[in-house]
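In this text, residue positions in the sequence shown follow the UniProt record's numbering: the first is 503, and each later residue adds one.
Note that the Cβ used here is the ideal one computed from N, Cα and C, for glycine as well.
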Amino acid sequence: VAVCQGLAGALKDERILPYYQPQVAVDTGRIAGFEALARWRHSERGIIPAAAFQEGFQDPEIANGISDAIIAAVVSDLRRWLDAGLDVGHVCVNLAASVFRDPALPERLLGQLAAAGVPASHFGVEVTETVLLTRNADEAERTLKTLRAAGLRVALDDFGTGYASLTHLKRFQVDALKIDRGFVSHVTENGGDAAIVRALLRLADDLRLDVIAEGVETAEQEAFLKDQGCRFAQGYRYARPAPAGRVPWLLQLPD
Ligand code: G
Ligand code: G
Ligand code: NA
Ligand code: MN
């Protein structure tokens, strides 16, 4: 509750901003795109990660305010990067349940991209299985269809940790699965985690979905993933989430 009051003030003062973490092609190390992660630039405490204000995403008004701020900043950053001729790929934003379930979302999102002249192919959303599991699954399905038909990318976040069953993968069509960090962290020491990651990679391959392994920190984890045919990865091994000003620099690093 106190967090939500603080967030309301932070939104009013425009202190919520995106940090960007690269998603890289495992075989070449090239950046394929970025995930935008919300940060609170606190006047006394410095940069606060989203993990510290998760309650805010449960409050529809706050979650909406955060998404509006993040989406507006991402669209304007994308416009600037494209104008500068940077090969930025896609930027994906995370959407809370209440934000994704707003029937006006697709039109609003597509309107903002069109107004900025940013092609939809440069923008994506990440939703968790739980976000899709709503009483109104038809509506969720329609939203996914509309976004994807317009060329936006949809990724299923934290895959394997939610309550969804595999049948939802058939119903809710997405472009990519993100293998949760919880499976990746111990993939080289824990046979169970390794088996799950292998199975998820196989499943995604058979369903023709992209896969992004999250939370990759070590060369050993990377080698395992590469060996198992995982094409994309994200994590501290490549880069931590960083402010927008850092993105052109990351994109221009020599291969
Ligand atoms: O990067 P960080 O540790 O702060 O992220 C913690 C969690 O917060 C992650 O699960 C991430 O998906 C979520 N998150 C980060 N930014 C956003 C956002 O803008 N909206 C929503 N709904 N969740 C976010
Ligand atoms: O739920 P979601 O997958 O969106 O959460 C991503 C979270 O993981 C963010 O908090 C992000 O800052 C964090 N993160 C990203 N890469 C790594 C990593 O390599 N190691 C750890 N421990 N956390 C990471
Ligand atoms: Na995410
Ligand atoms: Mn995730």
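Check your understanding: Exposed or buried, aspartate 624, counting other C-beta atoms within 10 Å across all chains shown (16 or more means buried)?
Key -> As written in the sequence, residue 624 is histidine, which differs from the aspartate given in the question. Around the beta carbon of histidine 624, 16 or more other beta carbons sit within 10 angstroms, so the residue counts as buried.
Exercise for review: Look at the alpha carbon of aspartate 579 and the alpha carbon of threonine 648, and state the distance between them as a whole number of angstroms.
Suggested key: Cα to Cα, aspartate 579 sits roughly 24 Å from threonine 648.
Review point. Expressed to the nearest angstrom, what Euclidean distance is found between the alpha-carbon atoms of glutamine 560 and glutamate 719?
Key: Distance between the alpha carbons of glutamine 560 and glutamate 719: 29 Å.
**Study point:** Sequence-distant residues of the same chain with beta carbon closer than 8 Å to glycine 664, five excluded per side
**Key:** Taken in chain order, the residues that qualify are Thr630, Glu631, Thr632, Leu635.
Review point. Is the segment 749 to 756 in contact with the segment 714 to 729, if contact means three or more CB pairs nearer than 8 Å?
Key: Flag = no, the segment 749 to 756 and the segment 714 to 729 do not touch.
Point to revise | Meets three-Cβ-pair contact criterion under 8 Å: the segment 507 to 521 and the segment 567 to 586 | key: At 8 Å Cβ cutoff, the stretches touch.
Check your understanding: Which residue comes first and which comes last in the alpha helix (DSSP H) that contains glutamate 553?
Key -> Here residue 553 turns out to be alanine, not glutamate, going by the sequence shown. First-last for alanine 553: undefined, no H or E at that position.
Review point. Going by the beta-carbon positions, is the gap between aspartate 682 and alanine 657 smaller than 9 Å?
Key: No.
Review point. With contact counted as at least three CB pairs below 8 Å, one residue from each stretch, are the segment 522 to 532 and the segment 730 to 744 in contact?
Key: Remark: three or more beta-carbon pairs, one from each stretch, lie closer than 8 Å, so the segment 522 to 532 and the segment 730 to 744 are flagged as touching.
Check your understanding: Can the beta-carbon of aspartate 659 be found less than 9 Å from the beta-carbon of lysine 680?
Key -> In contact: aspartate 659 and lysine 680 (Cβ atoms closer than 9 Å).
Point to revise | Close Cβ partners of residue 761 (< 8 Å) along its chain, the five nearest in sequence each way excluded | key: The chain is shown from 503 up to 757; residue 761 falls before or after that span and cannot be answered.
Point to revise | Contact test: aspartate 695 Cβ vs ligand 4 heavy atom, cutoff 8 Å | key: For aspartate 695, the Cβ stays outside the 8 Å cut-off from all heavy atoms of ligand 4.
Practice item. Look up alanine 741 in the DSSP assignment and say whether it is helix, strand or coil. Key: Reduced to three states, the DSSP call for alanine 741 is coil.
Review point. Which of the three DSSP states, helix, strand or coil, is assigned to aspartate 659?
Key: Strand, per DSSP.
**Study point:** Same chain only: Cβ atoms within 7 Å of serine 687, ignoring 5 sequence neighbours per side
**Key:** Gly717, listed in sequence order.
Exercise for review: Kindly provide the chain-ordered list of residues whose Cβ lies closer than 5 Å to any non-hydrogen atom of ligand 1.
Suggested key: For ligand 1, the selected residues are Leu539, Ala540, Pro551, Ala552, Ala553, Phe559, Ile572, Asn596, Ala598.
Check your understanding: Under 9 Å between the Cβ atoms of valine 595 and valine 576?
Key -> Between valine 595 and valine 576, the C-beta gap is smaller than 9 Å, which places the two residues in contact.
**Study point:** heavy atom of ligand 3 below 8 Å from serine 515 C-beta
**Key:** A small fix is needed here, since residue 515 is aspartate in this sequence, not serine. No, ligand 3 has no heavy atom inside 8 Å of this Cβ.
Practice item. Would you mind giving the Cβ-Cβ distance between residue 775 and cysteine 506, rounded to the nearest angstrom? I have them listed as a contact below 8 Å. Key: Lying before the first or after the last residue shown, residue 775 is absent from the chain, which here runs from 503 to 757.
Practice item. Could you tell me how far apart the beta carbons of leucine 709 and leucine 654 are, in whole angstroms, since I believe they sit closer than 8 Å? Key: Contact flag wrong, Cβ pair sits at about 19 Å.
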